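Let me begin by presenting the structure, written as structure tokens, before commenting on it.
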Amino acid sequence: MLLHRLEEQLHRREQQDRLITPASPQRTAHMADFGSNDTLSFSSSGVLRTAFLHELRRHPHFTLGSRSTRIFEGTTQYLTDLEEHLARVHGAESALFFNAGFDANVALWSTVPQPGDVVLYDQYVHASIHEGMRRGRAETRMFPHNDEAGLQQCLLNLRETHPGVADGQQTVFIALESVYSMDADSPPLHRIIQLAHEILPRGNAVLSIDEAHSNGLLGPNGSGYVCNLGLEKEFPIRLHTCGKGLGATGGVILTSKTIRSYIINYAKNVIFSTGPAFPVLAAVKAGYDLLASEEGETRRTQLQKNIAYFQNKLTGHPQWSTVKQSGVLSIPTEGTWAPESFHAPIIPLTTREGDANNLAHRLHQANYWVNPVHYPLVPEGKERVRLVLHADNTEAQIDDILRVMMEWSMERVNTTRMADTRWPQVACSV
Ligand SMILES: Cc1ncc(COP(=O)(O)O)c(C=O)c1O
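All the letters of the sequence shown, read from the start, carry residue numbers 954 to 1383 under this note's numbering.
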């Protein structure tokens, strides 16, 4: 009976063209990577492997497993040293490392906000933040994505309706991301800081930021978005992940010693879970050493060059405005491309409903790996192909993927035009 019910639900997903079937390694192995989060190509190029092997040679007598939860023997000297290193790199008082960014968010949001506190979160924050909040004890409220006015209104409402917020006794957490993982846009940090100070002058707003998609990509030695702006003091809670730009795995919370100790004492997924094993930690250390090296700097620069190359080629394409106007394909972040100095490597290719799989399939046939993304990973009606640029993508590959993308788009445009001229009366009579 259970299997029957599960199969029914899977079948429904399949019919809606949104069944998740992870790509087989054989399929992706020979394709150019325009899909993964390994944006500096640390992992795929092998540079991280070399740095990792070097790190292993420096510690030939390592103990592989942590042997215990980190509240017992699981906090090894190597882990302690790594956390101190990460705190220094990111300009924080302390750091707490996790096997995954997802775990870090769950630990943070399920424990730190207290009963009576409020978490105000951007509409598009990551599922792991939702999961943490769901397990937590504070009230949660959403504000519209990257919307200063919406956030301002929420803060004013809270001050009105929650006496504890107005008198500074209850904390309002504001949960943001530096680069949103599906839309690739960034919040107006200076304005948000200003609003928090103005509306809650007693200092009971706590800003937090998840830097999963900016870690390694900008700032001194790749230390991230907040460090690049010199806003470390404004963000008492920051979370970086190590599985994207860094090419390894893991997540780290950068915060005060008090919050760190609180999480260790109260987060179930810290207390009741085995601490990180040495190879994970060594890969992260190797990744951070690479970020701080000339190789890291060269790759950051190359990635930005590739992004600019993609953007210029696309916006300069003679048919791009036709494609956009037809609604066949658009990129919501295009309007922000020109004036900004740092660009996120994620390009959300927004298609019409039902088209994302088709475009992805065409790109796969041409040997370019990209990921189609559907509800519930993105809101309903916002399906897309998530194209991600990498340091090791070549200009020839970028030219060619754009050619395939534009060919597909123009076929769609022409089909739409033909349908419009053949049956104009259908549209009129409805
Ligand atoms: C914003 C954000 N936070 C957290 C995570 C989870 O990180 P990890 O993949 O290390 O579990 C991700 C990964 O998709 C993410 O995009």
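Note that beta-carbon positions come from the ideal geometry of N, C-alpha and C, so glycine has one too. Just so it is clear, the structure is predicted and the values come from calculations on it, not from any experiment.
For residue i, count neighbouring C-beta atoms within 10 Å of its own C-beta (all shown protein chains included) and say buried if the count is 16 or more, exposed if not.
{"i": "Gly-999", "result": "exposed"}
{"i": "Ile-1190", "result": "buried"}
{"i": "Thr-1124", "result": "buried"}
{"i": "Asp-1075", "result": "buried"}
{"i": "Ser-1167", "result": "buried"}
{"i": "Met-1086", "result": "buried"}
{"i": "Asp-1308", "result": "buried"}
{"i": "Thr-1033", "result": "exposed"}
{"i": "Arg-1339", "result": "buried"}
{"i": "Glu-1164", "result": "buried"}
{"i": "Gly-1334", "result": "exposed"}
{"i": "Trp-1376", "result": "Interpretation of Trp-1376 is limited by its pLDDT of 45, a score under 50 that renders its predicted location unreliable; the figure taken from the coordinates is listed afterwards. The residue is exposed, with fewer than 16 neighbouring Cβ atoms inside 10 Å."}
{"i": "Tyr-1328", "result": "exposed"}
{"i": "Thr-1369", "result": "exposed"}
{"i": "Pro-1229", "result": "buried"}
{"i": "His-1007", "result": "exposed"}
{"i": "Asp-1351", "result": "The sequence shown places Ile at residue 1351, not Asp. By the 10 Å Cβ count, Ile-1351 comes out buried."}
{"i": "Glu-961", "result": "exposed"}
{"i": "Met-1371", "result": "exposed"}
{"i": "Phe-1096", "result": "buried"}
{"i": "Ile-973", "result": "exposed"}
{"i": "Arg-966", "result": "exposed"}
{"i": "Ile-1216", "result": "buried"}
{"i": "Asn-1110", "result": "exposed"}
{"i": "Gln-1378", "result": "Residue placement at Gln-1378 cannot be trusted, given a pLDDT of 35 that sits under 50; what the coordinates show is reported in the next sentence. That one is exposed."}
{"i": "Ile-1208", "result": "It should be noted that the sequence gives Thr, not Ile, for residue 1208. Classification of Thr-1208: buried, given that the 10 Å Cβ count is 16 or more."}
{"i": "Leu-1282", "result": "buried"}
{"i": "Leu-1243", "result": "buried"}
{"i": "Glu-1036", "result": "buried"}
{"i": "Pro-1301", "result": "buried"}
{"i": "Ser-1019", "result": "buried"}
{"i": "Pro-1140", "result": "buried"}
{"i": "Phe-1188", "result": "buried"}
So, using beta-carbon positions, are residue i and residue j closer together than 8 Å?
{"i": "Val-1386", "j": "Thr-1275", "result": "No information on residue 1386 is available, as it lies outside the stretch 954 to 1383 that the chain covers here."}
{"i": "Leu-1199", "j": "Gly-1240", "result": "yes"}
{"i": "Ile-1299", "j": "Val-1331", "result": "no"}
{"i": "Ser-1021", "j": "Thr-1227", "result": "yes"}
{"i": "Val-1072", "j": "Thr-1093", "result": "yes"}
{"i": "Glu-1348", "j": "Tyr-1262", "result": "yes"}
{"i": "Arg-1112", "j": "Leu-1170", "result": "no"}
{"i": "Pro-1285", "j": "Thr-1268", "result": "no"}
{"i": "Asn-1259", "j": "Ala-1137", "result": "no"}
{"i": "Val-1237", "j": "Cys-1195", "result": "yes"}
{"i": "Leu-1049", "j": "Arg-1213", "result": "yes"}
{"i": "Phe-1231", "j": "Phe-1025", "result": "no"}
{"i": "Trp-1361", "j": "Arg-1315", "result": "yes"}
{"i": "Arg-1337", "j": "Val-1326", "result": "yes"}
{"i": "Asn-1320", "j": "His-983", "result": "yes"}
{"i": "Phe-987", "j": "Ile-1354", "result": "yes"}
{"i": "Ala-1235", "j": "Phe-995", "result": "no"}
{"i": "Pro-1066", "j": "Arg-1088", "result": "no"}
{"i": "Asn-1346", "j": "Ala-985", "result": "yes"}
{"i": "Leu-1108", "j": "Ile-1162", "result": "no"}
{"i": "Gly-1156", "j": "Gly-1121", "result": "yes"}
{"i": "Asn-1058", "j": "Ile-1082", "result": "yes"}
{"i": "Gly-1288", "j": "Arg-1305", "result": "no"}
{"i": "Ala-1040", "j": "Ser-1047", "result": "yes"}
{"i": "Asn-1310", "j": "Asp-970", "result": "yes"}
{"i": "His-1296", "j": "Gln-1257", "result": "yes"}
{"i": "Arg-1023", "j": "Val-1233", "result": "no"}
With residue i and residue j assumed to form a contact (beta carbons below 8 Å), what rounded beta-carbon distance in angstroms separates them?
{"i": "Ala-1045", "j": "Phe-1051", "result": "That belief does not hold up - the Cβ atoms of Ala-1045 and Phe-1051 are roughly 15 Å apart, past 8 Å."}
{"i": "Thr-1064", "j": "Tyr-1219", "result": "4 Å"}
{"i": "Gly-1175", "j": "Gly-1249", "result": "6 Å"}
{"i": "Leu-1142", "j": "Ala-1149", "result": "Their Cβ separation, rounded to whole angstroms, is 11 Å, which puts Leu-1142 and Ala-1149 out of contact at 8 Å."}
{"i": "Thr-910", "j": "Lys-1197", "result": "With the chain running from 954 to 1383 in the structure shown, residue 910 is simply not present."}
{"i": "Ile-1145", "j": "Leu-1104", "result": "7 Å"}
{"i": "Ser-1406", "j": "Gly-1172", "result": "The structure shown does not extend to residue 1406, since the chain is modelled only from 954 through 1383, so no value can be given for it."}
{"i": "His-1270", "j": "Met-1359", "result": "6 Å"}
Just to confirm the assignment: which complete beta strand (DSSP E) runs, minimum length 3, are found wholly within the region 1118-1171? 1125-1130, 1158-1163
Tell me the start and end of each unbroken beta strand (DSSP E) in the region 1072-1112 that is at least 3 residues and wholly inside, in chain order. 1092-1096
Contained alpha helix (DSSP H) runs [length at least 4] in the region 1268-1323, N- to C-terminal order: 1273-1279, 1309-1318
Contiguous beta strand (DSSP E) assignments of at least 3 residues, all confined to the region 1333-1369: 1337-1341
Alpha helix (DSSP H) runs wholly inside the region 1007-1050, at least 4 long, in chain order: 1030-1042
Contiguous alpha helix (DSSP H) assignments of at least 4 residues, all confined to the region 960-1001: 978-982, 995-998
Can you give, in chain order, each stretch of the alpha helix (DSSP H) that sits fully within the region 1188-1220 and has at least 4 residues? 1210-1219
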